[in-house]
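Trainee: Before anything else, here's the structure in question.
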Amino acid sequence: METEKVISVPIKELPHLKVILAGWYNFLKDSYDQKKIDASAFKDSLKTSVVYNIDSDQIELLLSGTEQLLQNFRKNLS
Numbered sequence: 727m728e729t730e731k732v733i734s735v736p737i738k739e740l741p742h743l744k745v746i747l748a749g750w751y752n753f754l755k756d757s758y759d760q761k762k763i764d765a766s767a768f769k770d771s772l773k774t775s776v777v778y779n780i781d782s783d784q785i786e787l788l789l790s791g792t793e794q795l796l797q798n799f800r801k802n803l804s
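Here it is, written out as structure tokens:
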């Protein structure tokens, strides 16, 4: 089993957060529907942390999943 990885996505404005979360959800749902990930991976990857950095007044989105899943998401965004 592959180990979990986390990528940090800096967010400048709140509407951007909604767009990225919607894209992440759609990507995960498509991956699950195409049987590229199982139900457990789908459920675990939906648990996305949002961190507020008070020093820089910036929000960071932490997306987690296997390295392959995160690479596929990056390709999907391109």
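Just so we're aligned, residue 727 is where the sequence shown starts under the working numbering, counting upward by one.
Every residue, glycine too, gets a C-beta built ideally from N, C-alpha and C.
Say whether chain C places a C-beta atom closer than 9 Å to the C-beta of I746.
Mentor: Of the chains in the structure shown, none is chain C; there is only one protein chain.
Trainee: Output the boundary residues of the beta strand (DSSP E) element that contains K744.
Mentor: Careful: K744 lies outside any beta strand (DSSP E), inside the alpha helix (DSSP H) at L740 to D759.
Trainee: Is the CB-CB distance between A748 and Y758 below 9 Å?
Mentor: Contact: no.
Trainee: Residues bridged to K762 by DSSP?
Mentor: K762 is not bridged to any residue.
Trainee: State the DSSP-derived secondary structure class of E793, mapped to helix, strand or coil.
Mentor: Helix.
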